[in-house]
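Colleague:
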Amino acid sequence: MSAAIRDSNAPIIYLVRHAESEHNVSKDMSHRDPPLTALGVQQATAIATAFPELGSVATIFTSPLTRAIQTTVAGFSSILHLDGRAEPGGDGGAQLIVDPDLQERSDLACDTGSSRSALEQAFRGLDFSTLNDDNWPTKKGAYAPDDSSVSERAQRFRERLHGVVETLGRNKGDNRQARKNIVVVTHGVFMKFLANDGTIDLPKSGWKAFTLDDNAHDKATLVALD
Numbered sequence: 002m003s004a005a006i007r008d009s010n011a012p013i014i015y016l017v018r019h020a021e022s023e024h025n026v027s028k029d030m031s032h033r034d035p036p037l038t039a040l041g042v043q044q045a046t047a048i049a050t051a052f053p054e055l056g057s058v059a060t061i062f063t064s065p066l067t068r069a070i071q072t073t074v075a076g077f078s079s080i081l082h083l084d085g086r087a088e089p090g091g092d093g094g095a096q097l098i099v100d101p102d103l104q105e106r107s108d109l110a111c112d113t114g115s116s117r118s119a120l121e122q123a124f125r126g127l128d129f130s131t132l133n134d135d136n137w138p139t140k141k142g143a144y145a146p147d148d149s150s151v152s153e154r155a156q157r158f159r160e161r162l163h164g165v166v167e168t169l170g171r172n173k174g175d176n177r178q179a180r181k182n183i184v185v186v187t188h189g190v191f192m193k194f195l196a197n198d199g200t201i202d203l204p205k206s207g208w209k210a211f212t213l214d215d216n217a218h219d220k221a222t223l224v225a226l227d
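Using my numbering, read the sequence shown as starting at 2 and increasing by one per residue.
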């Protein structure tokens with residue numbers, strides 16, 4: 002994928018890979034929805050000081066898998082507005098959206114999410130109202146692991162992303178626009194579908210910058226900035 006010429010007024014979309022989780026070390030794929038390791042927590046926490054223009058982030062999307070949520074909270078807690086109803090780019094900080102479409106591809110136990118009630122118990126104060134479809138952890142139907150279903154899921158999310166970009170664009174001139182960039186915390190394999198780039202392979206807790214291609218037919222194509 003060729004790099005894009007950056008429009009300084011366009012939001013930057015950062016794809017972020019979750020930090021190291023227990024199954025990455027143990028190779029035990031039968032552990033459902035494993036958490037971060039101690040090293041993973043350190044990796045995620047380090048995002049807070051290493052991430053570029055942290056104060057420019059308007060919206061953070063995260064996979065509902067535990068390791069992704071932990072990465073999001075540890076790395077971006079200083080800017081998070083935990084009320085899911087907050088407007089993107091609002092003065093209260095970055096809006097947090099837990100999005101089931103960002104879960105990892107496979108139907109292995111390690112890539113299967115916990116129930117909404119379990120997540121609400123584990124992450125008190127976070128808004129999980131977006132997980133209103135009980136089918137999201139089943140890896141069936143819209144969440145099936147085959148290439149076609151995963152590609153459709155990635156497209157759904159890109160279209161949702163485009164809607165957020167348009168919302169941020171409508172706020173131009175508002176002083177809240179100091180916050181205009183978007184973070185997407187997801188997984189290594191699903192990221193390949195999301196970016197339409199089979200070669201992308203970020204390190205744990207690493208990120209890559211993209212923009213949306215306004216010249217694409219559906220205006221929902223991610224183009225790498227570097």
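The beta carbon of each residue, even a glycine, is placed where N, CA and C say it ideally should be.
Determine the direct distance from the alpha carbon of Leu169 to that of Arg177, and round the result to whole angstroms.
Modeller: Counting from 1 along the sequence shown, the entry for residue 177 is found at position 176. Counting from 1 along the sequence shown, the entry for residue 169 is found at position 168. With a pLDDT of 47 at Arg177, under the threshold of 50, the modelled position of that residue is not reliable, and no figure is offered here.
Colleague: Start and end of the alpha helix (DSSP H) containing Ala225?
Modeller: Taking the sequence shown and counting its residues from 1, one reaches residue 225 at position 224. Counting along the chain, Ala225 falls outside any alpha helix (DSSP H), though it belongs to the beta strand (DSSP E) covering Leu223 to Ala225.
Colleague: Quick check on DSSP: helix, strand or coil for Ala20?
Modeller: Along the sequence shown, read from residue 1 onward, the residue named residue 20 stands at position 19. In this structure, Ala20 counts as coil in the three-state DSSP scheme.
Colleague: For the beta strand (DSSP E) that Ala239 lies in, which residues bound it at each end?
Modeller: Because the chain in this structure spans residues 2 to 227, residue 239 falls outside the shown range and cannot be described.
Colleague: Keeping to the same chain, check which residues put their C-beta closer than 6 angstroms to that of Ser107; ignore five residues upstream and five downstream.
Modeller: Indexing the sequence shown from 1 puts residue 107 at position 106. Correct list, in chain order: Pro146.
Colleague: Please list the terminal residues of the continuous beta strand (DSSP E) segment that includes Gln43.
Modeller: For the purposes of this step, residue 43 is taken as the residue at position 42 of the sequence shown. It is not in any beta strand (DSSP E) - Gln43 instead sits in the alpha helix (DSSP H) that spans Ala39 to Ala51.
Colleague: Note down, in chain order, each residue of its chain lying with its Cβ closer than 8 angstroms to the Cβ of Leu55, except the 5 sequence neighbours on either side.
Modeller: What you label residue 55 is simply residue 54 of the sequence shown in a count that begins at 1. So the qualifying residues of the chain are Ala49, Phe77, Ser79 and Ile80.
Colleague: Residues in its own chain within less than 7 angstroms of Ser3 by CB, not counting five upstream and five downstream?
Modeller: Walking along the sequence shown from the start, residue 3 turns up at place 2. With a pLDDT of only 44 at Ser3, under 50, the local geometry of the prediction cannot be trusted, and the value read off the model is given with reservation. None.
Colleague: Identify whether Leu213 lies in helix, strand or coil by the three-state DSSP scheme.
Modeller: Counted from its first residue, the sequence shown places residue 213 at position 212. It is a strand residue.
Colleague: Please check the pair Ser64 and Thr187, which I expect to be a contact at CB under 8 angstroms, by giving their CB distance rounded to whole angstroms.
Modeller: Taking the first residue of the sequence shown as position 1, residue 64 is located at position 63. Taking the first residue of the sequence shown as position 1, residue 187 is located at position 186. With a Cβ gap of about 5 angstroms, Ser64 and Thr187 count as contacting.
Colleague: By alpha-carbon positions, which one of Val166, Phe62, Cys111 and Thr67 ends up nearest to Ala11?
Modeller: Taking the sequence shown and counting its residues from 1, one reaches residue 11 at position 10. Of the listed residues, the one whose Cα sits closest to Ala11 is Val166.
Colleague: Going straight from the alpha carbon of Arg33 to that of Leu66, what length do you get?
Modeller: Counting from 1 along the sequence shown, the entry for residue 33 is found at position 32. Counting from 1 along the sequence shown, the entry for residue 66 is found at position 65. Cα-Cα distance, rounded: 10 angstroms.
Colleague: Are the beta-carbon atoms belonging to Phe158 and Asp100 less than 9 angstroms from one another?
Modeller: For the purposes of this step, residue 158 is taken as residue 157 along the sequence shown, with counting starting at 1. For the purposes of this step, residue 100 is taken as residue 99 along the sequence shown, with counting starting at 1. Going by C-beta atoms, Phe158 is nearer than 9 angstroms to Asp100.
Colleague: Anyone know if the C-beta pair for Leu213 and Asn197 falls short of 9 angstroms?
Modeller: Here residue 213 is taken as the residue at index 212 of the sequence shown, counted from 1. Here residue 197 is taken as the residue at index 196 of the sequence shown, counted from 1. Cβ distance not < 9 angstroms, so Leu213 and Asn197 don't count as in contact.
Colleague: Just to confirm the assignment, what range does the alpha helix (DSSP H) spanning Thr187 have?
Modeller: Residue mapping note: residue 187 aligns to position 186 of the sequence shown, counting from 1. No alpha helix (DSSP H) contains Thr187, which is instead part of the beta strand (DSSP E) from Asn182 to Thr187.
Colleague: Nearest to Phe129 by alpha carbon, out of Trp137, Leu120 and Asp135?
Modeller: The residue you call residue 129 lines up with position 128 of the sequence shown. Among Trp137, Leu120 and Asp135, the Cα nearest to that of Phe129 is on Leu120.
Colleague: My output table needs one value for His163: the three-state DSSP class, helix, strand or coil.
Modeller: Along the sequence shown, one-based indexing puts residue 163 at 162. His163: helix per DSSP, three-state reduction.
Colleague: Is Ala1 near Leu37, with beta carbons less than 9 angstroms apart?
Modeller: Outside the displayed range of the chain (2 to 227) lies residue 1, so it cannot be described from this structure.
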